[in-house]
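Residue numbers (the working numbering): 247 to 404.
Every residue gets a Cβ at the ideal spot worked out from N, C-alpha and C, and that includes glycine.
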Amino acid sequence: MRVGIMADSHDNMHALKKAVDYFNRSKVMHVLHAGDLVAPFTARELSRLECPLTIVFGNNDGDRLLLKKVFKETIHRAPHQLQLAGKEILLLHEPDNLEALQASGHFDAIIYGHTHQVAVDREATLAINPGECGGWLTNKCTVAIWEVESNEVEIVEL
Numbered sequence: 247m248r249v250g251i252m253a254d255s256h257d258n259m260h261a262l263k264k265a266v267d268y269f270n271r272s273k274v275m276h277v278l279h280a281g282d283l284v285a286p287f288t289a290r291e292l293s294r295l296e297c298p299l300t301i302v303f304g305n306n307d308g309d310r311l312l313l314k315k316v317f318k319e320t321i322h323r324a325p326h327q328l329q330l331a332g333k334e335i336l337l338l339h340e341p342d343n344l345e346a347l348q349a350s351g352h353f354d355a356i357i358y359g360h361t362h363q364v365a366v367d368r369e370a371t372l373a374i375n376p377g378e379c380g381g382w383l384t385n386k387c388t389v390a391i392w393e394v395e396s397n398e399v400e401i402v403e404l
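Below is the structure:
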């Protein structure tokens, strides 16, 4: 199962379009967004995804009531636990307590954002930060593809 991972899009519609197009071309079966969409109008681009989407709120997601209204059951408070392809996944925004969560042994993978820095840590539990989709801080729009069965992670600059 191929899973698309993104975070910190921060209303950059051009970057979101590139990410959605890439995920659709890559035939991912699910997309995880680790927070900081920021505004509800991002739903226009994300609705073009050809697979299910799961989102957690980030610290810059201001209008949470309207985001919840627009994204309905797709968006959740962080941390959010879900199962994909038999794997227990923890989706969160801020990586507080990341090392303790990895050491807990409760999860097969932890997906996070907030730092805007790409990170793939395999020391204990797999932890993936796809970097920032929005590109505002690093001038790089990055996303990740996680091959769940092989546990391979590819970071892609769009």
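Sequence-distant residues of its chain with Cβ nearer than 8 Å to residue i (five each side left out)
{"i": "residue 354", "result": "333, 334, 335, 371 and 372"}
{"i": "residue 348", "result": "356, 367, 369, 370, 371 and 373"}
{"i": "residue 310", "result": "303"}
Length of the line joining the Cα atoms of residue i and residue j
{"i": "residue 398", "j": "residue 392", "result": "6 Å"}
{"i": "residue 299", "j": "residue 387", "result": "19 Å"}
{"i": "residue 340", "j": "residue 320", "result": "19 Å"}
{"i": "residue 350", "j": "residue 378", "result": "27 Å"}
{"i": "residue 402", "j": "residue 383", "result": "17 Å"}
{"i": "residue 254", "j": "residue 396", "result": "26 Å"}
Cutoff 7 Å; reference residue i; Cβ partners in own chain excluding five residues on either side
{"i": "residue 296", "result": "270"}
{"i": "residue 330", "result": "247, 249, 276 and 394"}
{"i": "residue 289", "result": "316 and 317"}
{"i": "residue 361", "result": "341 and 375"}
Contact set for residue i: own chain, Cβ-Cβ below 6 Å, skip 5 residues either direction
{"i": "residue 304", "result": "281, 282 and 339"}
Cβ pair residue i, residue j closer than 8 Å
{"i": "residue 261", "j": "residue 359", "result": "no"}
{"i": "residue 337", "j": "residue 278", "result": "yes"}
Integer-rounded CB distance, given that residue j should sit under 8 Å from residue i
{"i": "residue 389", "j": "residue 265", "result": "5 Å"}
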